[in-house]
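When we follow UniProt numbering, the leftmost residue of the sequence shown carries the number 1, and every step to the right adds one. Right, one structure below, let's go through it.
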Amino acid sequence: MNPHYKPHIPITTWAEEDRPREKLLLHGRRTLSDSELIAILIGSGSKNESAVDLSKRILNHYQNNLDALGRLSVQELSKFKGIGEAKAISIIAALELGRRRKDAENEQLHSKITSSFDVYKLLSSHFFDLLHEEFWIVLLNRTNRVLSKVLISKGGQSATVSDPKIIFKSALEHNASSIVLAHNHPSGNLKPSSADLQLTKKMVEGGKILDIGVLDHLIFAERKYFSFADEGLM
């Protein structure tokens with residue numbers, strides 16, 4: 001046997017946590033690579049190549065550029081061995097949905113924040129189904145229009161580091177007049193911890209010195225939210 005020959009190993013024989021579908025269910029969509037996500041779309045490979053390997057081959061051909069992949073026609077995608085018309089259509093449809101989602105997200109930027117629910121609508125998609133904590137800030141101009149959304153940190157299941165210096169540095173770089181803080185509780189508990197209360201107090205005090213208003217702090221959990229401002233805790 002050729003020592004360089006690598007026999008094809010079907011995805012169905014992989015360890016459960018390595019299979020794209022099962023991996024998504026167990027660990028969430030953000031743990032999957034681009035090739036694994038595309039493999040879910042096309043469903044199956046061939047007797048000589050798994051769906052993941054086929055996806056890697058397609059991505060490699062376009063230097064792993066999803067934007068370039070999104071501009072392909074059904075005919076162009078179908079030129080890859082293992083990709084028929086139905087699979088090509090699935091890939092194109094999914095990438096088009098991603099483009100439209102991005103357009104919708106861009107429309108949200110520069111929108112005006114008038115309530116905690118406006119912040120919830122702006123950030124909720126970033127927190128859905130997360131199994132770890134993330135800390136985000138929303139940067140606003142003098143009329144409370146959104147300048148940017150910034151991911152400050154990622155953590156474990158129970159905490160993430162939120163350094164006021166990094167937060168205010170982002171605000172100053174964007175010439176923000178005010179900011180809104182936001183993080184999630186993967187446990188599903190909306191109640192702010194003592195650390196959440198202390199950080200909020202520290203941020204409000206620091207903002208006064210820099211003339212940057214800290215308008216609110218939202219906690220996201222199970223598609224609900226808690227607003228410090230609404231509860232009189234700012």
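For each residue, glycine too, the CB sits at the ideal point set by N, CA and C.
Beta-carbon to beta-carbon, Val-180 and Leu-233 are separated by about 14 Å, too far to satisfy the 8 Å threshold. If you look at Gly-207, you'll find it in the alpha helix (DSSP H) that goes 194 to 210.
Under the Cβ criterion (8 Å, minimum of three pairs), the stretch 52 to 66 counts as touching the stretch 23 to 36.
His-174 is not a Cβ neighbour of Ala-221, given a cutoff of 8 Å. When DSSP states are grouped into helix, strand and coil, Lys-224 belongs to the strand group.
Within the same chain, and ignoring the five residues on either side of Val-161 in sequence, the residues whose Cβ sits closer than 6 Å to its Cβ are Ser-153. Gly-82 and Arg-100 have their C-alpha atoms roughly 27 Å apart.
The continuous alpha helix (DSSP H) containing Glu-173 extends over residues 164 to 173. Within the same chain, Cβ atoms closer than 8 Å to the Cβ of Leu-140 are found at Ile-113, Val-146, Leu-147, Ala-176, Ser-177, Ser-178, Ile-179, Val-180 and Leu-215, the five residues on either side in sequence being excluded. The beta carbon of Leu-41 sits closer than 8 Å to the beta carbons of Lys-87, Ser-90, Ile-91 and Ala-94 from its chain, once the five residues preceding and following it are set aside; these are given in chain order. Sixteen is the threshold: when 16 or more other Cβ atoms of the shown chains lie within 10 Å of the Cβ of Ala-182, as they do, the residue is buried.
Between Ile-137 and the set Gly-28, Leu-25, Thr-200 and Arg-19, the nearest pair of CA atoms involves Thr-200. A straight line joining the alpha-carbon of Lys-79 with that of Lys-149 spans about 39 Å. Going by DSSP, Lys-149 is part of the beta strand (DSSP E) stretching over 146 to 154. Rounded to whole angstroms, the gap between the alpha carbons of Lys-208 and Phe-168 is 11 Å. For Glu-134, the enclosing beta strand (DSSP E) has its first and last residue at 134 to 140. Secondary structure of Ile-58 (DSSP, three-state): helix. Looking at the DSSP output, Leu-41 sits in no beta bridge, so it has no partner there. Distances from the CA of Ile-166 to each of Phe-135, Lys-191 and His-61 were compared; the closest alpha carbon is that of Phe-135.
Distance from Lys-202 to Pro-164 at the Cβ level is roughly 6 Å; contact confirmed, criterion being Cβ atoms closer than 8 Å. Residue state for His-110 is assigned as coil, using DSSP reduced to three classes.
If you check the CB distance, Tyr-62 and Tyr-225 do not come in under 8 Å. Sequence-distant Cβ neighbours of His-217 in its own chain, meaning closer than 6 Å and more than five residues away, are Leu-181, Thr-200 and Phe-228. Closest option to Ser-170, judged by alpha-carbon separation, among Gly-155, Leu-151 and Gly-188: Leu-151.
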